[in-house]
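**Q**
Residue numbers (our numbering), protein chains in the order written: chain A, 14 to 276; chain B, -11 to 653.
#1: Kindly list the residues whose CB is nearer than 8 Å to the CB of residue 96/B, restricted to its own chain and excluding five residues on each side of it in sequence; keep chain order.
#2: Under 8 Å between C-beta atoms, does residue 87/A make it to chain B?
#3: Can you check whether the C-beta of residue 174/A is within less than 8 Å of a C-beta belonging to chain B?
#4: Does the beta carbon of residue 58/A come closer than 8 Å to any beta carbon on chain B?
#5: So which residues on chain B does residue 45/A lean against when the C-beta distance must stay under 7 Å?
#6: Hey, is residue 118/A's beta-carbon within less than 8 Å of any beta-carbon in chain B?
#7: Please state whether DSSP places residue 90/A in a helix, a strand or coil.
#8: Using a Cβ-Cβ cut-off of less than 9 Å, give me the residues of the segment 308 to 331 of chain B that come near chain A, in sequence order.
#9: Looking only at its own chain, which residues have a Cβ that is under 7 Å from the Cβ of residue 76/A, when we skip the five neighbours before and after it?
#10: Nearest by alpha-carbon distance to residue 329/B: which of 181/B, 345/B, 271/B, 433/B is it?
#11: Identify every residue that forms a DSSP beta bridge with residue 147/A.
#12: Report all residues from its chain with a CB closer than 6 Å to the CB of residue 91/A; omit the five preceding and five following residues, and keep chain order.
#13: Determine the DSSP secondary structure at residue 153/B, reduced to helix, strand or coil.
#14: To test your reading of the DSSP string, which unbroken alpha helix (DSSP H) runs of 4 or more residues are found completely within the segment 504 to 589 of chain B?
#15: Using the Cα positions of residue 200/B and residue 170/B, report the straight-line distance between them to the nearest angstrom.
#16: Along the chain, where does the alpha helix (DSSP H) that runs through residue 187/B open and close?
#17: Looking at residue 33/A: is its Cβ nearer than 8 Å to the Cβ of residue 103/A?
#18: Given this structure, state the Cα-to-Cα distance separating residue 261/A from residue 99/A, to the nearest angstrom.
#19: Under 8 Å between C-beta atoms, does residue 54/A make it to chain B?
#20: From residue 384/B to residue 296/B, what distance separates their C-alpha atoms?
#21: Tell me the rounded alpha-carbon separation between residue 168/B and residue 182/B.
#22: Residue 223/B to residue 563/B, Cα distance in whole Å?
#23: Is the separation between the beta-carbon of residue 396/B and that of residue 389/B shorter than 8 Å?
#24: Between the alpha carbons of residue 127/A and residue 309/B, how many angstroms are there, rounded?
#25: From this set, 419/B, 84/B, 334/B, 260/B, which residue's C-alpha is nearest residue 543/B's C-alpha?
#26: Taking C-beta to C-beta, are residue 439/B and residue 381/B nearer than 8 Å?
#27: Can you grab the Cα-Cα spacing for the pair residue 86/A / residue 44/A, in whole Å?
#28: When DSSP builds the beta bridges, which residues end up paired with residue 273/B?
#29: According to the Cβ coordinates, are residue 59/B and residue 366/B closer than 8 Å?
#30: Going along chain B, which residues have a C-beta under 7 Å from residue 68/A?
#31: For residue 203/A, would you say it is in contact with chain B, using Cβ-to-Cβ distances shorter than 8 Å as the test?
#32: For the ligand MG, any of its heavy atoms closer than 7 Å to the Cβ of residue 286/B?
#33: Rounded to the nearest angstrom, what separates residue 484/B and residue 458/B at their Cα positions?
#34: So residue 284/B is in the beta strand (DSSP E); what residue range does that whole segment cover?
#35: Is the distance from the Cβ of residue 184/A to the Cβ of residue 158/A below 8 Å?
#36: Give me the Cβ distance between residue 357/B and residue 401/B, rounded to the nearest whole Å; I'm assuming they're in contact under 8 Å.
Shown next as structure tokens:
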């Protein structure tokens, strides 16, 4: 590798020869990570794991990690995705193991597949969320959801960095139902609710829009149509992302090539 | 069981101190940057509560983003957790939004590791890099349910131990802390642990007072409540005397020698949140004898103790492997002064060639710096700006402060740097130095102009940049300027106004000069806290009760709150904020920290103060004969510098996935 000469780019980076797509989870107390916190943690983990990650050129080389639609700060997820550019071909299964070991507990790498076909972003147009509502009775949630689904359009307002945005929650809501089985499988969400305390759980499939409809927006819509205001903060977990089919189910963005581990 | 759901080792043991996380978690969606309160960073540790006889909570009394990278806390956290009989968990100051919710919902102050309440620990160690963290200590104590005043604490309350550089004058917080640990912390925390363990194992004989007496007999530990202070008619201290025969008259700082035997932190904490230093740090030496008279750190950390080439090589390797950081900071008070700095930087640049790992030397003197060093540092990574600290604008004032860097050196170095592709240089200065006149400060403008001219000539184009950054000088204890009158904020603000006009007097050059400064008011309060005595504690408490928090942050700092509290609390006692700050002290006045021994002879400090006033320089004892500052004989130490006769060792980076298909880490 050449020494830096005056006025020259600091690092002529080797080219990308392979791209690997990863699915990972954001769990437990790490649900409070922002997208930038997640990205920072992955950048360090690829170095720590010795992953031959490709870098951008120039004075400030950055590892080539590409992200799609991050779960908001405070939301857990079982289905976040990124694509890593590599300077050498790597076995996706080895990448899953090495990267998972190099990440803090709660950022857990689940699946990997060598990138092929359509772009990752084109394989995702919907999200499946589970939203826990401590202190809300399931019947109250059921009634509010029925009221929401009966509407054609329900607008909520969100303050974004670029100003106030009007978001049509109902239009983006593909499916929503009250779940009776409560906490998602794996028990990886934080604290279980107290014995005897009510806690309703909602499953919702949301079509990806701009800006994306978040769990908070769905709750905002329930307030608008039915005055439902949870007494305690809700806990949302993204369970899946993918392409919506005609039934409102989601197709796996990693397709059939994936390598799967269960953390 | 509700608590400790995030204990990585499960909940096999009996948890007698449950986590407060279940109560905290519902509050976190309502605060800014909740990630800073959840812990779980890479290389964080969480030991079983029952496994340890002595439990420390270690606090950095500022925001997480500032406190997490702190080397002192990281070192003590590892040193204590390596002991079988101890555990240590970390905590940081909580922002007012969470503080309000914690009060509303009855959630006590907690550690980020186990989310255990601070009140359940045996010891609360607080590291004060700056005096502006004092009000945050009171917030933590209050949220923890620990009485603010040490005198009100009972046998079950934690022992509050202050450390860090500000602990060299802990008198302003004497009412609030039980112990001040003076000097290097690596060894004394172990000895404190031993004392507490033995006292607990014996059934806590004699209660809290006996424990404090035992701690007062431990080298480097000062127990303010075991000293009585009396005052004379003029407001000055008349005497400071121990109240028990088991208590020493003075306390000498601790000094860790042979840094190679203390290679901490071995596994630096890697935050997920953004912090002020996004890098792994390796301390390449401790102490400095350049003798800058304003510099408390240089005075109180003597003598110079270098880590060897091999020791540095191993620590950098360990830190990079354990953290994944892409930058390694080679820390010290003046990093280019390491006797083997050329070998260190070249060796590390060779080792990390092609790995996008950059090096940084956060503190470099222009006279110890050269362009080869700069090229090695930037070889594998970023070529950001160069930063130097001439500190004084005129040759005369630089003689007064004994920072003997010449403008010729500066211009030569920046010319080379601009010729090699650098585009920016930052220069740090102070305003309000002893004997300073307007002309001394106005010369900063000329220096900045000449840097731009030299940069344009060397680089061949016009878009070079020089940023001058100016802070108000605060006289600190244990320095030759401990007797000096601090400049009034109005004087500083006026000089900086004139400086800005002088910078802009030449538009063609001035438009490439950036100027950053803070107004002088926070410096005056820092000065009150730095050189205050026990009477200043009332001011701190009043400010805190009036809402004072995070005084190091301009958006939270209130000058009026401090001056109002100082007037209310000090003037009835016959003293004032001016008495503590802008008043010059005489040779015979008892200073509040005189019974705390930094190793420096008081007479030598006074002579150096007189030399400053007459503009006489003092050389560095690493390269010229000993000038008898007193540190080595009084602390039983000696200068430890290279060449060490060791090498960096040709370590290579291990890639768990480098073998291609089938290999795994």
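All C-beta atoms in this analysis are idealised placements derived from N, C-alpha and C, irrespective of residue type, glycine included.
Bear in mind the structure is a predicted one, so any value in this text is a computation, not a measurement.
**A** The structure says:
#1: 8, 90, 105, 106, 107, 131, 132, 133
#2: yes
#3: no
#4: yes
#5: 16, 22, 23, 26
#6: yes
#7: strand
#8: 308, 309, 310, 311, 312, 313, 314
#9: 56, 59, 66, 68
#10: 271/B
#11: 212/A
#12: Contacts found: 38, 252.
#13: helix
#14: 509 to 518, 524 to 533, 547 to 558, 565 to 569
#15: 16 Å
#16: For residue 187/B, the uninterrupted alpha helix (DSSP H) segment begins and ends at 176 to 189.
#17: yes
#18: In this model, residue 261/A and residue 99/A are separated by some 35 Å (Cα to Cα).
#19: With 8 Å as the cut-off, residue 54/A counts as an interface residue toward chain B.
#20: 37 Å
#21: Their backbone Cα atoms lie some 17 Å apart in a straight line.
#22: 6 Å
#23: no
#24: 27 Å
#25: 84/B
#26: no
#27: 7 Å
#28: 294/B
#29: no
#30: Residues of chain B passing the Cβ test: 344.
#31: Reliability fails at residue 203/A, whose pLDDT of 46 lies under 50, so the model's placement of it is uncertain and the value that follows must be treated cautiously. By this cut-off, residue 203/A is an interface position.
#32: Among the ligands in the structure shown, none appear at all, so the ligand MG cannot be discussed.
#33: 9 Å
#34: Residue 284/B: not part of any beta strand (DSSP E); member of the alpha helix (DSSP H) spanning 284 to 288, first to last residue.
#35: no
#36: Going by Cβ atoms, the distance from residue 357/B to residue 401/B rounds to 6 Å, so yes, they are a contact pair.
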